[in-house]
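Participant: Under our numbering, the first residue of the sequence shown carries the number 1, and numbering increases by one thereafter. Quick reminder that beta carbons are idealized off the backbone N, C-alpha and C, glycines included. Got a structure for you, questions after.
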Amino acid sequence: MEIFKALAEHDYEQIVFMHDEETGLKAITCIHDTTLGPGLGGTRYWTYASEDDAIKDALRLAKGMTYKNAASGLPIGGAKTVIIKDPNREVNKEAVFRAFGRFVEGLNGRYITAADVGTTEREMDYVFQETQYVAGTGLKPGTSGNPSPSTAHGVYVGMKAAAKKAFGSDSLNGRRVLIEGVGKVGYILAEKILGEGGQVIAADLFEEPRERARALGCQIVDADDLFSIKADIYAPCALGATVNDDSIRHMQAAGIWVVAGAANNQLEEARHGDLLDELGIVYAPDYILNSGGVIQVADEFNGGYNPVRAQKLIDNIYNQIEKVFAIAERDAIPTYQAADILAEERIAAVKHTRSIFSQNSKSIIS
Ligand code: NAD
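Here it is, written out as structure tokens:
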């Protein structure tokens, strides 16, 4: 792989390779853009087929974080780490993650890490032994805990903004919402919708979440027969790529006018975002809607987590989604493209302020 060519392609700032033979650490941190603030993004611990695959994953995920953080209104840039997991080597996780923590400390705040696929609060606790630049550790004073309730709240307010666009009112009272996946986020989302007088039709692969949702007052449908009941809103809260040719056809038949859920990468392909747009189905872009968790985590860096302050920014997801709809209308483009433009315009606007002299950023006198 030609690294500098790959960095130039999407204007990446930095890629850091970290190696520690003794612990077995092989990590790649990619910092995509720090115009708005330090790059924040989780650490993925994963086995890759090749080093190129690991680098590509870090690059792709870091760029995604720039867009997510920018479009959700955070003063935070985008970055991500992948730690390559060697299936043939038994490692001591504490040693690996403490070694990683020391490298993160060396980046001196340009990068803040958190948990992602393959890492949990426990690994972040190890990282915290070596650096302050970590979120989602249970050991740090002012830690914010489980992000799922914040994610669910963001999806809820974003869904209301999307309902307003589709139906002329943001009230979910009387609306029928189909939630696919009633796990950590989907369950709390269901609670909120029911609390507002909406009806929830829920599907899940497993009996336990289904039972919990039923007890809450949801109507349960078979996961294989998701769109068998008429509904107004589809909330994908399980896996990605569930908005595709097949599901869109079923959505139409079920009378769905809004897609608004927590899952990452909901569109199987970009063209499915175009198709929703052509059919007049309002799509609330996934990475803005599900940014409540990262907003919560980022708030830890304002001198410790303050739930009231974080809640304000999570509530603001409503406005960010409305901005997306306004850009989509202005530029006559689908909403998934408008979300990217919202992020890019914010970064471009702030970049300009960097050209104004300040002692802090430009002085050679000190
Ligand atoms: P979770 O694992 O707690 O819940 C997902 C639920 O979906 C599970 O109950 C699972 O059984 C169910 N499921 C899986 N496949 C299904 C299928 N085909 N049909 C129906 N149900 C299915 O995960 P979560 O934390 O609630 O996250 C949900 C989604 O939101 C994920 O895509 C996740 O990446 C995304 N997300 C979560 C957060 C967060 O804070 N938890 C933040 C951002 C994005």
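Which two residues bound the contiguous beta strand (DSSP E) that contains Met18?
Facilitator: Counting along the chain, the beta strand (DSSP E) containing Met18 begins and ends at 14 to 20.
Participant: Buried or exposed for His352, please, with buried defined as at least 16 other CB atoms from any protein chain shown within 10 angstroms of its CB.
Facilitator: Classification for His352: exposed.
Participant: So, do the stretch 170 to 177 and the stretch 332 to 343 have three or more beta carbon pairs nearer to each other than 8 Å?
Facilitator: As far as the Cβ criterion goes, the stretch 170 to 177 does not touch the stretch 332 to 343, which means the pair count is below three.
Participant: So the alpha helix (DSSP H) Tyr342 belongs to, where does it begin and stop?
Facilitator: The sequence given here has Leu at residue 342, not Tyr. Note, Leu342: alpha helix (DSSP H), 335 to 353.
Participant: Helix, strand or coil: which one does DSSP assign to Ser363?
Facilitator: Since pLDDT at Ser363 reaches only 46, below the 50 mark, its modelled position is unreliable, and no value is offered.
Participant: In chain order, what residues of the same chain lie with their CB nearer than 6 Å to the CB of Ala343, ignoring the 5 residues before and after it?
Facilitator: Within the same chain, Ala343 has close Cβ partners Tyr67, Ala70, Ala71.
Participant: If I measure Cβ to Cβ from Thr47 and keep anything under 6 Å in the same chain, skipping five residues before and after, which residues do I get?
Facilitator: Within the same chain, Thr47 has close Cβ partners Lys85, Pro87.
Participant: Is Cys218 near ligand 1 - that is, is its Cβ less than 7 Å away from at least one heavy atom of it?
Facilitator: No; taking the cut-off as 7 Å, the Cβ of Cys218 has no heavy atom of ligand 1 nearer than that.
Participant: As a quick exercise: from Asn319, Tyr283, Met251, pick the residue whose alpha carbon is nearest that of Ala166.
Facilitator: Ranking the options by Cα distance to Ala166, first place goes to Tyr283.
Participant: Go to Gly273, then tell me how far its alpha helix (DSSP H) extends in each direction, as first and last residue.
Facilitator: Its alpha helix (DSSP H) spans residues 270 to 279.
Participant: Indicate whether the contact test is met: 3 or more Cβ pairs, each with one atom in the stretch 291 to 308 and one in the stretch 237 to 251, closer than 8 Å.
Facilitator: As far as the Cβ criterion goes, the stretch 291 to 308 does not touch the stretch 237 to 251, which means the pair count is below three.
Participant: Please tell me whether, using a cut-off of 7 Å, the distance from the CB of Pro285 to the nearest non-hydrogen atom of ligand 1 is below it.
Facilitator: The answer is no for Pro285.
Participant: If I follow the unbroken alpha helix (DSSP H) through Arg212, where does it start and stop?
Facilitator: Segment 207 to 216, the alpha helix (DSSP H) holding Arg212.
Participant: List the residues that DSSP assigns as beta-bridge partners of Lys26.
Facilitator: His19.
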